[in-house]
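K.L.:
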Amino acid sequence: MAKYKIAHVHHSGQDMIVFPLDSTFGSKSDSQQQDIMDSLQQAAWSADLAGHVVAIWKSGNRVYFRAPPAWHSFFRSPNIWGWVMANINKELTI
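The numbers in this note's numbering rise by one with no breaks, and the one at position 43 of the sequence shown is 43.
Structure (structure tokens):
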């Protein structure tokens, strides 16, 4: 079982379940990333967490994410990684 420290936040009227992942997530294929996202979403719902899952990861000095399109401008914000890390408030075991 894997343990994830997550940020479960309500921002701009939306519930977000943000999973900071390691850089290896970025090297996976789109379908592998989507499978992981689906598993994380199912685990979040099973834990009664409201909202949509967002994956965020760093590679070098850049931050990458997978989020609903309406949230892209928010996740492109300067220092989004620091914001996510400052808002870690739950741990989810999958």
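Think of the CB as a built atom: it goes at the ideal place given N, C-alpha and C, for glycine as much as any other residue.
Go ahead and label A50 buried or exposed: buried means 16 or more other beta carbons lie within 10 angstroms of its beta carbon, across all protein chains shown.
P.N.:
Along the sequence shown, one-based indexing puts residue 50 at 50. Exposed, because fewer than 16 other Cβ atoms sit within 10 Å of the Cβ of A50.
K.L.:
How big is the Cα-Cα spacing for N79 and N89?
P.N.:
In the sequence shown, the residue the question calls residue 79 occupies position 79. In the sequence shown, the residue the question calls residue 89 occupies position 89. Taking the straight line from one Cα to the other gives about 18 angstroms.
K.L.:
For I6, which of helix, strand or coil comes out of DSSP?
P.N.:
In the sequence shown, residue 6 corresponds to position 6, counting from 1. Looking at I6 - three-state DSSP - the assignment turns out to be strand.
K.L.:
Pull up the distance between the alpha-carbon of L21 and that of Q34, whole angstroms please.
P.N.:
Here the question's residue 21 lines up with position 21 in the sequence shown. Here the question's residue 34 lines up with position 34 in the sequence shown. Cα-Cα distance, rounded: 14 angstroms.
K.L.:
Here's the rule I'm using: 16 or more other beta-carbon atoms within 10 Å means buried, otherwise exposed. How should R66 be labelled?
P.N.:
Reading the sequence shown from its first residue, position 66 is the one you call residue 66. Under this definition R66 is a buried residue.
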